[in-house]
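Sequential numbering from 6 applies to the sequence shown in this note's numbering.
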Amino acid sequence: MRLLPAFTREGDFADTVITNLKAIELTIFDRPQDGKQQTRVVFELTVNNDMLNAFDMMHGGCIAFLVDVCSSVALSLLGIVTNGNVAYVSQALNTTYFAGAPLGAKLQIISTTTSVGSRIAIAETEIWDMTDRRLVASGIHTKMKPSRDAIKFARL
């Protein structure tokens, strides 16, 4: 399922990365520990040439971008199903790298919401190389509700 036209348009930064993401799971669930509704989204992506660094591995900036986009989808989905906020801006993005992802590797990106309050929302993401069966990176994305003047909804 192609899910992301609202997140990019042709000519935008990394539009080819976004358009190659394939959503394979969108789950809404009640977290057993506290009963709060959360979302989990899973995407697949094959590493291609425009994602590589000089060492023919997926560029770290591309990995951080995937954490940003996929976690944003998870948070937006939660906002949609709960009639909550969907217009967040990034406050912090922490990414930890574990292994390289070479050209042709099939990746699975799993993003799960962890906390949503009145101003701050957080999602966690793991990027797995399904070809070599190893964790490539993980990230925590903190987003905040912007002031009314800070964001323009020209494309909505």
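Quick reminder that beta carbons are idealized off the backbone N, C-alpha and C, glycines included. Being a predicted model, the structure only gives us computed values, none of them experimental.
Check: Are the CB atoms of Thr21 and Ala69 nearer to each other than 7 Å?; Outcome: no
Check: Can you give the beta carbon distance from Ala92 to Asp134, rounded, assuming they're within the 8 Å contact cut?; Outcome: Between Asp134 and Ala92 the Cβ distance is about 33 Å, and since that is not below 8 Å, they are no contact.
Check: Keeping to the same chain, check which residues put their C-beta closer than 6 Å to that of Pro151; ignore five residues upstream and five downstream.; Outcome: Val94
Check: The alpha helix (DSSP H) that contains Gly144, what's its start and end?; Outcome: Here Gly144 belongs to no alpha helix (DSSP H); instead the beta strand (DSSP E) covers 139-149.
Check: Is Thr101 helix, strand or coil by DSSP?; Outcome: strand
Check: Alpha carbon to alpha carbon, how far is Gln38 from Thr119?; Outcome: 12 Å
Check: Would you tell me roughly how many angstroms separate the C-alpha atoms of Ile23 and Ile127, rounded to the nearest one?; Outcome: 21 Å
Check: Between the C-alpha atoms of Asp61 and Gly109, what's the straight-line distance to the nearest angstrom?; Outcome: 10 Å
Check: Pick out whichever of Gln113, Gly122, Glu129, Val78 has its Cα sitting closest to the Cα of Leu140.; Outcome: Gln113
Check: My guess is that Ser76 and Ser123 are in contact by the Cβ rule of under 8 Å, so how many angstroms apart are they, rounded?; Outcome: The Cβ separation is near 19 Å, so there is no contact.
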